[in-house]
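Colleague: Taking my numbering, the leading residue of the sequence shown gets 1, the next gets one more, and so forth.
Even for Gly, the Cβ is constructed at its ideal location relative to N, Cα and C.
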Amino acid sequence: MHVQVITDPFGRLLWASAALPGSSHDLTAAREHGIIAVVRDCEI
1 MHVQVITDPF
11 GRLLWASAAL
21 PGSSHDLTAA
31 REHGIIAVVR
41 DCEI
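#1: Could you check the C-alpha separation between isoleucine 36 and histidine 25 for me, to the nearest Å?
#2: Kindly indicate which three-state DSSP category valine 5 falls into: helix, strand or coil?
#3: Roughly how many whole angstroms lie between the Cα atoms of glycine 22 and arginine 40?
#4: Is the CB-CB distance between leucine 20 and histidine 2 below 8 Å?
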């Protein structure tokens, strides 16, 4: 199982993805969940 999370600087959970198969690559999962677009749009 592969789950991605976003936390604030204090480690508090802000968002958790739906689970993907464990064989999913991190970057593929981030793209599928829209994380890459959000990071790019927010200039993080």
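Modeller: On the basis of the supplied data:
#1: Near 14 Å, if we compare the C-alpha coordinates of histidine 25 and isoleucine 36.
#2: strand
#3: 25 Å
#4: Yes, these two residues count as a Cβ contact at 8 Å.
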